[in-house]
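Okay, so here's the structure we're looking at.
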Amino acid sequence: MLKLARIIVLVLYGLFGMSGWYHYDSLLKMSTAYKGEDILSSDMTINYVRSMVWYHSRGKLQEIRSILLNDDLTKRVRIEMRIKNMLMHRSSAYIREFNSLKTPVNELGSWYQNNFDFDDFLHDVYEVVFDQSLTVDDKVRNITDIMEVYQNITNSKLTDNLVKTQGAVNGY
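Under the numbering used here, residues 103 to 274 are what the sequence shown spells out, in order.
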């Protein structure tokens with residue numbers, strides 16, 4: 103009798119186990135497509151843009167410092183070309199990343215690029231780079247201030263755009 107009870111328990115255990123695995127397999131095969139897409143909120147968009155642009159600015163400043171320390175600043179055309187190419191190249195990294203995000207602003211990277219006054223920014227940077235009365239540290243500090251001014255202007259434009267299109271933005 104005990105042997106028969108063991109066999110019955112093992113058979114039941116096996117049947118329940120097999121049915122569990124069958125149910126698990128059918129759940130895995132079910133479609134998991136979502137009807138909606140995750141879109142960053144306005145607040146997250148603003149904060150992400152600020153932090154990514156700030157993060158990439160640190161690399162730009164290090165490269166500008168390297169140019170100031172190692173290149174011949176009397177070759178103005180060459181230095182201007184190096185700085186412009188470096189800034190454009192380093193900016194393209196986060197522009198592409200912003201474009202890949204789902205945000206309230208379509209093509210956020212292109213929007214940021216179009217609303218950042220690059221030509222005036224570059225002109226202001228060149229003035230500091232070629233100012234012979236400043237030390238390298240003073241130049242980097244002044245360029246940092248210039249970057250932050252232009253970034254803040256563009257971030258304010260982004261905030262205004264989101265307020266117009268999305269309504270009130272928390273904290274702004």
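Backbone N, C-alpha and C fix where the C-beta goes; we use that ideal spot for every residue, glycine too.
Residue i, DSSP secondary structure in three states
i, result
"SER235", "coil"
"MET188", "helix"
"ASN208", "coil"
"THR176", "coil"
"ILE181", "helix"
"VAL224", "Looking at the sequence itself, residue 224 is Leu, so the reference to Val does not match. Three-state DSSP puts LEU224 in a helix."
"PHE200", "helix"
"ASP298", "This structure cannot speak to residue 298, because the chain is shown only from 103 to 274."
"ASP247", "helix"
"ASP219", "coil"
Extent of the continuous alpha helix (DSSP H) run through residue i
i, result
"GLU165", "144-172"
"ASP127", "104-131"
Between the stretch 196-216 and the stretch 227-244, are three or more C-beta pairs nearer than 8 Å?
-> no
At a cut of 8 Å, does the stretch 256-265 reach the stretch 138-148 through at least three beta carbon pairs?
-> yes
Determine, using beta-carbon pairs with one atom in the stretch 166-179 and one in the stretch 233-248, whether at least three such pairs fall under 8 Å.
-> Using a C-beta cut-off of 8 Å, the stretch 166-179 makes contact with the stretch 233-248, since at least three inter-stretch Cβ pairs fall below that distance.
Taking contact to mean at least 3 C-beta pairs separated by less than 8 Å, is the stretch 123-130 in contact with the stretch 183-196?
-> no
How about the stretch 252-261 and the stretch 211-222: do they share at least three Cβ pairs that are nearer than 8 Å?
-> Short answer: they touch.
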